[in-house]
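Here is the structure we will look at, set down as structure tokens.
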Amino acid sequence: QRGVLLVPGGVYTFVHEKIDSNTPKKRVFIKDNSEPVFKKKVKQATELKVAQWFYPIRRYDRDTQEIEFNEDEFLDPDAFFFRIKAPPPPSGEKYRVKVWTTDCPNSEYNDFGEEVELYPVGNDTYQTKPLYLVSDKRDTRYPLEAFMEDTGEKDDQGKTIREFRRRAFCVQLGGQVKFQFLGLAPDGDKPDRVLPVPVKKVVKVSGLVFHDSHKGTAEFQLKRARERYAQCGIRLDGSVKVGTAPAGVNIDPLNVVVSRILQTDAHTLGPEVVQFFNALSGASGVIPFYCLDYLMNQSIIDDGGAFYPAWLSDTYHAYANRILLRYSSLAPEFTNVNNQDYLSYSLGHEILHILLNGGHSTLPERQDSPAIKYTDDFGLKIHCLWSYGFGIRGIPDIVETKRISDEMMHELLQSPFCQEP
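In structure tokens:
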């Protein structure tokens with residue numbers, strides 16, 4: 016017997032105000048005082064989404080490494096919870112639900128899960144605290160204050176002992192989240208709820224390296240980029256191949272001469288990079304990225320860059336939507352600072368330039384630049400994927416430069432590179 020469950024358990028997500036497509040903004044919770052605990056409107060979930068973990072963070076102090084959170088501590092718009100209606104359990108007993116993920120296309124993202132406690136919220140109703148899906152295992156382990164709970168026990172000084180209770184679960188787009196109400200007597204592994212984490216859009220990419228030893232690093236870049244875009248329901252399709260350098264082009268280093276046209280934000284390209292791109296023209300609708308040993312620093316291109324249309328003069332638009340990465344900056348020995356491989360988000364950041372067709376420019380002539388359009392919302396937010404290069408070094412995972420805002424997601428999904436799965 017499963018116990019005394021009167022109403023089958025349900026998984027709930029939050030309802031947000033509708034966003035006008037002409038005025039994109041962040042999702043806003045809808046107030047509902049009839050809802051226990053959260054006081055926000057909810058609905059039964061039919062699918063779940065990877066949390067962006069962007070808006071809950073208000074401020075990060077680099078000196079003390081203290082994080083300040085916005086209202087509701089760490090209530091992300093994509094949070095969900097499990098709820099049941101049942102009579103009180105016997106004294107000393109607690110209702111629990113097992114939560115885990117499975118059927119991920121890459122099994123390494125399957126999360127064995129946890130048993131999560133349900134708390135009484137009135138009217139014989141019990142529910143979990145907010146739960147989250149994340150796209151990399153690092154986020155499942157970060158000991159947020161919001162995830163610390165009282166144990167009911169005291170230490171030698173009489174202070175209540177608190178412990179970390181995991182409420183974030185790793186998943187990959189295309190996987191499933193399963194819920195099994197344990198109640199008083201679990202009966203096997205059949206879950207009470209199974210919810211998909213669907214792919215909403217697909218972006219095609221292709222990677223090319225010119226040394227066998229570089230392939231692993233480029234593949235790691237692609238893996239990290241896939242994890243980042245999972246926040247938007249975007250799957251990056253593609254692989255990394257080892258190729259041969261174009262005949263007559265010196266790629267060790269490639270001389271990427273870029274010249275800026277005065278009083279504009281448009282650029283021209285030097286003959287060597289033009290020859291390189293001409294020899295490696297890719298398929299339509301695919302974003303190619305090339306990982307080279309070195310890029311010669313005779314330009315503003317340093318560790319790598321994205322050649323998005325708005326950055327190039329009209330004469331060079333044929334070479335737009337391509338990415339160059341410098342291997343020497345991406346190799347593992349360069350990317351571990353206090354165990355934070357911050358440069359592992361380089362490819363994801365450069366893809367962002369192409370999908371948004373914008374850069375870091377703050378020139379008055381480029382009012383459409385994301386650096387101007389979104390400065391207040393994410394241009395200066397240190398934990399945003401857009402803010403790569405703002406000096407994020409050796410800080411907690413939760414404020415690494417890998418988050419995506421609602422405004423950014425709204426534009427990403429409108430990119431012509433975003434196709435139906």
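Under our numbering, the letters of the sequence shown match residues 16 to 436, in that order.
A virtual CB, placed ideally from N, CA and C, is assigned to each residue, including glycine.
Pairwise C-beta distances place the segment 318 to 330 out of contact with the segment 230 to 247, as fewer than three of them are shorter than 8 Å. Pairing Arg-341 with Leu-310 gives a Cβ-Cβ distance under 7 Å. For Tyr-244, the uninterrupted alpha helix (DSSP H) segment begins and ends at 230 to 244.
Across the structure, Ala-240 and Leu-251 are spaced so that their CA atoms are roughly 8 Å apart.
The Cβ neighbour count for Lys-64, taken over all protein chains shown within 10 Å, is at least 16; the residue is labelled buried. In this structure, the straight-line span from the alpha carbon of Val-212 to that of Pro-120 is close to 12 Å. Scanning its chain for C-beta atoms nearer than 7 Å, with the 5 sequence neighbours on each side dropped, one finds around Ala-60 the residues Val-26, Tyr-27, Thr-28, Phe-95 and Leu-210, in chain order. Counted as a single uninterrupted DSSP element, the alpha helix (DSSP H) harbouring Asp-154 occupies residues 153 to 156.
A distance below 6 Å between beta-carbons, with the five flanking residues on each side excluded, links Glu-242 to the following residues of its chain, in chain order: Ser-150 and Asp-151. Counting the other Cβ atoms within 10 Å of the Cβ of Ile-45 gives fewer than 16, which makes it exposed. In this structure, Leu-237 sits away from Arg-182, with a CB-CB distance that is not shorter than 7 Å. According to DSSP, His-364 shares a beta bridge with no other residue. Thr-416 carries a coil assignment under DSSP once its states are collapsed to helix, strand and coil.
Contact between Asn-270 and Gly-285 is confirmed by a C-beta separation of about 6 Å, below the 8 Å threshold. Judged by DSSP secondary structure, His-425 falls within the alpha helix (DSSP H) whose first and last residues are 421 to 427. Within its own chain, the residues whose Cβ lies closer than 6 Å to the Cβ of Val-257, once the five positions on either side in sequence are excluded, are Val-224, Asp-227 and Lys-230, listed in chain order.
The beta carbon of Ser-274 sits closer than 6 Å to the beta carbons of Thr-283 from its chain, once the five residues preceding and following it are set aside; these are given in chain order. Beta-bridge annotation (DSSP): Trp-115 is paired with Lys-193. For Asn-293, the three-state secondary structure derived from DSSP is helix.
CA-to-CA, the gap between Arg-111 and Glu-130 works out to about 6 Å. Cys-433 sits in coil when the DSSP states are folded into three classes, being neither helix nor strand. Taken through DSSP and simplified to helix, strand or coil, Ala-325 comes out as helix. Val-57 is not a Cβ neighbour of Val-136, given a cutoff of 7 Å. In this structure, the CA atom of Arg-156 is about 20 Å from the CA atom of Pro-92. Rounded to the nearest angstrom, the Cβ distance from Val-218 to Phe-69 is 20 Å, too far for a contact under 8 Å.
When secondary structure is reduced to three states using DSSP, Ser-359 falls in the helix class. Per the DSSP secondary-structure output, Gly-137 pairs in a beta bridge with Thr-140.
The beta carbon of Leu-90 is closer than 7 Å to those of Pro-71 and Pro-145 in its chain, skipping five residues each way along the sequence.
Sequence-distant partners of Ala-335 (beyond 5 residues in either direction) whose C-beta falls short of 7 Å from its own C-beta, in its chain, are Phe-322, Tyr-323, Pro-324 and Leu-327. Apart from the 5 residues on each side of it in sequence, Tyr-305 sits with its Cβ closer than 6 Å to the Cβ of Leu-223 and Leu-339 in its chain, given in chain order. The beta carbon of Val-288 sits closer than 6 Å to those of Val-271, all from its chain and outside the five residues before and after it, given in chain order. DSSP places Leu-370 in the helix class (H, G or I) of the three-state scheme.
Val-220 and Ile-302 have their C-alpha atoms roughly 5 Å apart.
By the CB criterion at 7 Å, Leu-148 and Tyr-141 fall outside the cutoff. Of Ala-333, Phe-235 and His-31, the smallest CA-CA separation from Ala-298 is found for Ala-333.
Secondary structure note for Glu-130: its beta strand (DSSP E) is the uninterrupted segment 129 to 132.
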